[in-house]
Structures are given as C-alpha cells and as structure tokens.
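Protein chains in written order, with the numbering used here: chain A, 83 to 280; chain B, 659 to 768.
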C-alpha cells in the first residue's frame, strides 16, 4: 500500500505516514470512548440523589488553573517537537521535561480535587451524577497519567539514543496523544465545570 | 529552520513552525479566558451562556486541531482528516442518539 511516487531520498521513511495514520485511527477510537462517557454524564449529571449539586462542589479558579497547566503542556510539547525536527536532543529533552512537569501539576491538582470530594463524602458511590463525573474526569486523568509515564520513557530514550528515526516517530505518536488529551479537556471543563456552574 | 529537515519527516502535515504553535496557544488562551469569564461573571442569560461556551469550546477545538495537531487539507493531511470527520459523525450519532433516547425514556416513564 506504499502508494504513490514518493520522491524520498530516504526510503526508510516510506511507511511513516501510514504508521502515523494508524495511530491517528487509534486516537479516533479513543475519541469515541470519551464521547460515550460524555453522553453518560449528560444523562446522569443532574442525578445527584438530593445531595449537593456539582455547582456547590467545584471551584472555577481551581479548574482554570488545571486548564492552564494542561494547555501550556500541549504548547511546550510542540516546542519539544520543534527541537526534534532540528535534531537537537538537548532542546527536545528540555521541553519534554517542562511538558512533563506541567502535565504532572495538572494530575496532582486533579488528584487533590478527587481526594477532597471523597473525603467530604462526595464519592462515586453516592450518586449517578458523581459516578459519571468521576468516570469521565477520572478516565481523562488516567490517560494523562499514562501519557506522563510514556513521556518519561521517551525522555530516557532521547537521552540514550538521540533523535533517531524510530524515536522521532514515537514522539510523533505521543504528540498526537498529548494534544488529543488537551482537546478532550476543553470539552471536560466546558461541559462538566462551566455548564455545571450555569 | 531549514526546509530540508522538515521535509525528511513527512507525517501527513505541513512543516511545523513555531508561529503555528504560538497562534494556537494565543487562540486557546483567548477562548478559555472568555468562556471562564462569561460564566464566572454571569454575563449572559442561561441559554446564551450554554450556547456561547459551546461555541467557544468548538472554536478552541478547531484552533488546537489546526495549529497544534496541524490537520489540514494537503494531499497527505487529507488521509488524516477523513477519519477525523468520520469519527465526529459517529460521535454525533452516539451522543445525539443517546440523549434522544434517554430523553424519550424519561418522558415516557415519568
């Protein structure tokens, strides 16, 4: 299926666009997964079983802080990729490290938020609304955490092997994954938090 | 940034540039702060609020897809754009259909 006449001086790269396409299809399936969780939340989000409404439980400034961390990390990942294209291992690792710290900050903030909710008695056991909240937001946070683990591996690989073709390809996959998670977060903060407050 | 290094990596999108990421960041920040500002300050009516933050979310989606993910209509990018559009068709059916069904169930079983 290596299609057309690729005027490539490096035939090793012929399958790259196909490989990235494959990963992109995985991202699309992940998108469908999140869509179903959003649908469940849309249906159940008001079923709070006469407990507190989400509006009473969330802090918009806090969520704005989380959003800034994640958005910044998506941007700095782009800077890391620019370093990769310039074959600068140092620049790539530096910006990946920044991205990692920003992403970790997001996760820590989210874990704190979950712990507070749980400690106050607002756990996922309590109502359908909270179940769907924790499932949706928690699934996103889990994806981010796994992305961080992957990112740590990639930083290690970059340091050890430099900006080789396979590593660049993997960094492209991770980039797709990371940008995708920020996009999902746009909808999480809009639909769960902002609409929760209206 | 030399074009040569950008071309040796054809990943189905145009060469990534710093400008693209900066524009994406600026737009995302703009849309995010606008949305949070509208809600936190109760500027609009409820209905108008729902519509405007939805529109802002979709706008930010496009900004990030175009400027961060670099999804566009080049001959290579088109292969990636196609499943993207298809996915949103599926998502539309899934989410819209679920909401429709659950709304009807709720109405009919009340």
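All residues carry an ideal CB built from backbone N, CA and C; glycine is no exception.
Distance, Cα to Cα, residue 187 of chain A vs residue 761 of chain B? 38 Å
Measure from the C-beta of residue 668 of chain B to each C-beta in chain A and report whether the shortest distance is under 9 Å. Summary for residue 668 of chain B: the model assigns pLDDT 43, below 50, so the residue's position carries little reliability, and this model does not support an answer.
Under 9 Å Cβ-Cβ, which residues of chain A neighbour residue 753 of chain B? 117, 118, 120, 121, 124
Report buried or exposed for residue 704 of chain B, applying the criterion of at least 16 other Cβ atoms within 10 angstroms of its Cβ. exposed
Mind checking residue 661 of chain B: buried by the 16 CB within 10 Å criterion, or exposed? Its pLDDT being 42, under 50, residue 661 of chain B is placed unreliably by the model, and the measurement read from it follows with that caveat. It counts as exposed.
Can you tell me whether residue 729 of chain B is helix, strand or coil according to DSSP? coil
Burial state of residue 679 of chain B, where buried means 16 or more other Cβ atoms lie within 10 Å: buried
Please check if any C-beta of chain B sits within less than 9 Å of the C-beta of residue 160 of chain A. Contact of residue 160 of chain A with chain B is assigned, a C-beta pair being separated by under 9 Å.
For residue 691 of chain B and residue 721 of chain B, which I take to be in contact (beta-carbon distance under 8 Å), what is that distance rounded to the nearest angstrom? 13 Å between Cβ atoms; not a contact.
Is there a C-beta anywhere in chain A that falls below 9 Å from the one on residue 675 of chain B? yes
Counting pairs of beta carbons, one from the stretch 146–154 of chain A and one from the stretch 230–249 of chain A, are three or more of them closer than 8 Å? no
In its own chain, which residues sit with a C-beta less than 7 Å from the C-beta of residue 251 of chain A, not counting the 5 before and 5 after it? 98, 101
Could you check the C-alpha separation between residue 754 of chain B and residue 175 of chain A for me, to the nearest Å? Going by the C-alpha atoms only, they are around 42 Å apart.
Sub-9 Å separation of residue 215 of chain A and residue 145 of chain A beta-carbons: no
Could you give the C-beta distance for residue 233 of chain A and residue 199 of chain A, rounded to a whole number, given that I count them as a contact under 8 Å? That pair is no contact at about 27 Å.
Please go through the same chain and pick out, in chain order, the residues whose beta-carbon is closer than 8 Å to the beta-carbon of residue 24 of chain A, but skip the five residues on each side of it. No answer is possible for residue 24 of chain A: the residues shown for chain A start at 83 and end at 280.
With a threshold of 7 Å on Cβ separation, who are the neighbours of residue 137 of chain A within its own chain once the five nearest residues in sequence on each side are excluded? 278, 279
Answer yes or no: does any C-beta atom of chain A fall closer than 9 Å to that of residue 760 of chain B? yes
Compare the beta carbon distance of residue 698 of chain B and residue 269 of chain A with 9 Å and say whether it is the shorter of the two. The Cβ atoms of residue 698 of chain B and residue 269 of chain A lie no closer than 9 Å to each other.
With burial defined as no fewer than 16 other Cβ atoms inside 10 Å of the residue's Cβ, what is the status of residue 197 of chain A: buried or exposed? exposed
Looking at the C-beta of residue 767 of chain B, does it have a partner C-beta in chain A at a distance below 9 Å? So no, residue 767 of chain B is outside the interface.
For residue 106 of chain A, which residues of its own chain have a beta-carbon under 8 Å away from its beta-carbon, when the five flanking residues on both sides are left out? 258
Exposed unless 16 or more other CB atoms sit within 10 angstroms - verdict on residue 267 of chain A: buried
Please report how far the alpha carbon of residue 684 of chain B lies from the alpha carbon of residue 248 of chain A, in whole angstroms. 32 Å
Tell me which residues of the stretch 694–716 of chain B have at least one Cβ-Cβ distance to chain A shorter than 8 Å, keeping chain order. 694, 697, 698, 704, 707, 708, 711, 712, 714, 715: these are the residues of the stretch 694–716 of chain B whose beta carbon lies less than 8 Å from some beta carbon of chain A, given in chain order.
Counting C-beta neighbours from all protein chains within 10 Å, is the total for residue 235 of chain A 16 or more, i.e. buried, or is it exposed? exposed
Check whether residue 103 of chain A and residue 222 of chain A have beta carbons under 9 Å apart: no
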